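Down below is the structure, laid out as structure tokens.
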Amino acid sequence: MIFVRILLILLLQTGVLFSMVYNRAEILEHGKTVILRTEPVDPRSLFRGYYVDLNYEISRLELADLEGDQQFDRWDTVFITLEQRDTFWAATGVYKEMPTIIGNQVVIKGVTDYVMRDYIEDCIPDAVTSCTDDPVITSLSVEYGIESYFIPEGDGASIEEAIREEDDRVSIKVAVNEDGRAVIKGLLMDGQLLYEEPPY
Amino acid sequence: MRNPLYIRQLKRDLENWVKEGLLSPADAEAMLESAGMGGPARSLSAILALMGTIMLGLAAISYVAANFWAIPRPALLTLIISVMWLAYVGGAYLIHQSKEGFGQAAVLLGAILFGTNIMLIAQMYHISAHYPNGVMAWALGALLVAILIPSRGALGLAYGLALIWTSLESFDFGVTFHWPFLWFWAAAFTLSHILNWRAGFHIGFLSLVYWLAINASELADVYAWTDFDIVILFTLFWLLIWVKGCFASSLGYPFGQALARYGIFFFLITFYIMHVAIMGDTSLAIDAKTPVYIMTGLIAIFVLLNAMRKSYGILDVIAHIGIFGALFAFPSAAGVDSFVTQWAYSAIYIAITIWLLALGARYNETFIINCALIAFGFELMYIYFEAFDSLLNQSMFFAIGGVLLVGLGFALETIRRRFRQDADDDDSKDFAEGGIE
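Protein sequence lines correspond, in order, to chains P and A.
Going by numbering that gives the first Met the number 0, the residue at position 58 of the first sequence is 57; the numbering climbs one at a time, nothing skipped.
Going by numbering that gives the first Met the number 0, the residue at position 111 of the second sequence is 110; the numbering climbs one at a time, nothing skipped.
If you want it as structure tokens, here you go:
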């Protein structure tokens, strides 16, 4: 009887582990590839163990520059449309529901980490103007689940230095499936692929 | 393995009974051996096996984590999943071979490896999205092991992981009321009872207390409850736990006594906070009234049931009615005259501690006596440092209280001696009429 129970545990737990692998491998194999520009992050939180904290250009979205919705709350699921600008892909719109894809766009799914509010330009509270007294949402901080990159022991310092040194030295190749889920596919240094992730 | 405190107490009792001629030294020796037989040595080997396997498991995981780049991904996946399989199958084999301790250790290792495998796969694919889900999956996996084997170690692991999971959801992701934790907790707590695991009961109960504590402020925000509402609700909640524990104990529920102890301990804290810290806004919010009425009704039912089952004497019922009255009168009393309320509620709190001392003495419950004494000490400190605006008032309170306590002690001692005398007289009479059978 104990062996039957153990078998049940093994099947269920192994199933969970394989589903984790399969979900990511599927995206790596069949997802559309985009290259995202990284930005320097606070050096104090750059390393936790053997991984780099990544911050992308699309991690902070200025709503004035984007199409889509304007009202968001913290921890909302959001869909961001990306379009290719030279090598890198940039955000063009932010939506609360999956938008219709136009042309070569890719939609990436994220969760709002912070919602920044501010008074709109030329709007002075309590003044007799056409604007309201309430601050409006000006920008969003969004997480995509690709903010950590695990690296071989000892390689961290060079990547950390590269990220801090100047913009565009480190970029991340990301695979995105049709639901907007993203998985890191590779790490590029000075445009050269330094690490590539096999599906299996 | 027997509780060492129990063994120590038994040893003392047996020595006394041997001295009194109730037992022969040989019988006492045999009883002591029977009580402690085989326990420590066997338990120590199981514990060592457990610690050793955990260290081996962690060593393997650290090795894999450090070298995951050097090993091809399919080989790495095969390796980490095979090690987990090995631990589980080895555990099943050992349990089957009646090597329960080693088998349980191996199964626990399997449950630990399941979680570390989740983390390793997350590391392989650079997954960082909503990391509490990984902990939740691990906790569910451990609970599954605890249910199917069954394994106390895995249940302990599941409790610990569930606490991390709810903390991450609440603190890192701002989840208001992490209800899924309660479902998980209910399953784990039920299993603690099925396994008759005392430590599991305590871990489970304290987990719930932790969850309530971290959600108290959210509770207040959502329902617009004041601090007073929260304190009143928690005071009633712990009173409910207390009376329910007494009732459950009278039904033979193995953890009833522990439940009642928790109820008493936290009730004394919340009642103390209520009359010491909560002055000012003491009107009960509309939304708080429903749970107050429900808990009041349940407490009344349990007090009645306890009285019917003779768990409570008339004094206990009166004391509960008095506590009820004090709780319900507090909002209006504090609003009218806080000075009189301070006097009255300090006196009530001291009365409760004295009643608890009597209760503890009656049931020979050191825990209740200690709680009552500590609460009494805190109340005296409060009175001394805070409660009264003049030393004369303080002095009067202590003088009256001191006289009453000494008088009460004298009266109780007189009653006790009279009962003892009556009992001795009855014994002598029985002896004179033909001896004790």
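By construction, the Cβ of each residue, glycine as well, lies at the ideal position given by its N, Cα and C atoms.
Every value quoted in this text rests on a predicted model; they were computed, and no experiment measured them.
Under 9 Å by beta carbon: chain P residues contacting residue i
| i | result |
| --- | --- |
| residue 195 of chain A | What residue 195 of chain A touches in chain P: nothing, since even the nearest Cβ is about 19 Å away. |
For residue j and residue i, the rounded distance between their alpha carbons
| i | j | result |
| --- | --- | --- |
| residue 93 of chain A | residue 239 of chain A | 44 Å |
| residue 215 of chain A | residue 274 of chain A | 19 Å |
| residue 136 of chain A | residue 362 of chain A | 45 Å |
| residue 179 of chain P | residue 98 of chain P | 11 Å |
| residue 89 of chain A | residue 102 of chain A | 7 Å |
| residue 45 of chain P | residue 55 of chain P | With a pLDDT of 40 at residue 45 of chain P, under the threshold of 50, the modelled position of that residue is not reliable, and the figure given next carries that caveat. Taking the straight line joining both Cα atoms gives about 13 Å. |
| residue 36 of chain A | residue 266 of chain A | Below a pLDDT of 50, predicted positions are generally treated as unreliable, and residue 36 of chain A, at 49, falls in that range; no measurement from the model is reported. |
| residue 182 of chain P | residue 330 of chain A | 57 Å |
| residue 242 of chain A | residue 203 of chain A | 19 Å |
| residue 342 of chain A | residue 403 of chain A | 15 Å |
| residue 205 of chain A | residue 359 of chain A | 23 Å |
| residue 182 of chain A | residue 71 of chain P | 30 Å |
| residue 11 of chain P | residue 298 of chain A | 43 Å |
| residue 164 of chain A | residue 126 of chain A | 17 Å |
| residue 397 of chain A | residue 327 of chain A | 26 Å |
| residue 371 of chain A | residue 269 of chain A | 14 Å |
| residue 191 of chain A | residue 199 of chain A | 5 Å |
| residue 290 of chain A | residue 232 of chain A | 7 Å |
| residue 210 of chain A | residue 254 of chain A | 21 Å |
| residue 272 of chain A | residue 137 of chain P | 44 Å |
| residue 128 of chain A | residue 95 of chain A | 41 Å |
| residue 171 of chain P | residue 145 of chain P | 9 Å |
| residue 207 of chain A | residue 184 of chain A | 8 Å |
| residue 40 of chain A | residue 212 of chain A | Since pLDDT at residue 40 of chain A reaches only 49, below the 50 mark, its modelled position is unreliable, and the value read off the structure follows with that caveat. The alpha-carbon atoms of residue 40 of chain A and residue 212 of chain A are separated by roughly 40 Å. |
Bridge-paired residues (DSSP) for residue i
| i | result |
| --- | --- |
| residue 90 of chain P | P:81 |
| residue 248 of chain A | Note: residue 248 of chain A sits in no beta bridge, so no partner. |
| residue 67 of chain P | P:93 |
| residue 173 of chain P | P:33, P:183 |
| residue 136 of chain P | P:116 |
| residue 191 of chain P | P:188 |
| residue 108 of chain P | P:78 |
| residue 59 of chain P | P:140 |
| residue 52 of chain P | P:147 |
| residue 38 of chain P | P:54 |
Buried/exposed call for residue i, threshold 16 Cβ in 10 Å
| i | result |
| --- | --- |
| residue 228 of chain A | buried |
| residue 2 of chain P | exposed |
| residue 339 of chain A | exposed |
| residue 4 of chain P | buried |
| residue 29 of chain A | exposed |
| residue 134 of chain P | exposed |
| residue 149 of chain P | buried |
| residue 313 of chain A | exposed |
| residue 220 of chain A | exposed |
| residue 151 of chain P | exposed |
| residue 66 of chain P | exposed |
| residue 54 of chain A | exposed |
| residue 11 of chain A | exposed |
| residue 170 of chain A | exposed |
| residue 345 of chain A | buried |
| residue 437 of chain A | With chain A covering only 0 through 436, there is no way to say anything about residue 437 of chain A. |
Residue i: contacting residues in chain P (beta-carbon distance under 8 Å)
| i | result |
| --- | --- |
| residue 73 of chain A | 199 |
| residue 481 of chain A | With chain A covering 0 to 436 only, the question about residue 481 of chain A has no answer from this structure. |
Partners in chain P for residue i, counting only beta-carbon separations shorter than 7 Å
| i | result |
| --- | --- |
| residue 88 of chain A | 5 |
| residue 76 of chain A | 20 |
| residue 80 of chain A | 13, 16 |
| residue 84 of chain A | 9 |
Proximal chain A residues relative to residue i, where beta-carbon distance stays under 8 Å
| i | result |
| --- | --- |
| residue 1 of chain P | 91, 94, 95, 148 |
| residue 77 of chain P | Correct list: empty, because the minimum Cβ distance to chain A is about 13 Å. |
Neighbour list for residue i in chain A, Cβ cutoff strictly below 7 Å
| i | result |
| --- | --- |
| residue 183 of chain P | 125 |
Relative to chain A, which residues along the stretch 6 to 32 of chain P have a C-beta separation below 7 Å, given in chain order? 7, 8, 9, 11, 12, 13, 15, 16, 19, 20, 23
Quick one: which residues of the stretch 56 to 74 of chain P get their C-beta closer than 7 Å to a C-beta of chain A? List them in chain order. 73, 74
What are the residues in the stretch 114 to 127 of chain A lying within 8 Å of chain P by C-beta distance? 116, 117, 120, 121, 122, 123, 124, 125, 126, 127
Relative to chain P, which residues along the stretch 162 to 182 of chain A have a C-beta separation below 9 Å, given in chain order? Of all residues in the stretch 162 to 182 of chain A, the ones placed with a Cβ closer than 9 Å to any Cβ belonging to chain P are 172, 173, 174, in chain order.
Determine which residues of the stretch 131 to 148 of chain A have a Cβ less than 8 Å from any Cβ of chain P, and write them out in chain order. 136, 140, 143, 144, 147, 148
Interface positions of the stretch 286 to 309 of chain A facing chain P (Cβ-Cβ less than 9 Å), listed along the chain: none
In chain order, what residues of the stretch 133 to 152 of chain P put their CB closer than 9 Å to some CB of chain A? 142, 143, 144, 145, 146, 147, 148, 149, 150, 151, 152
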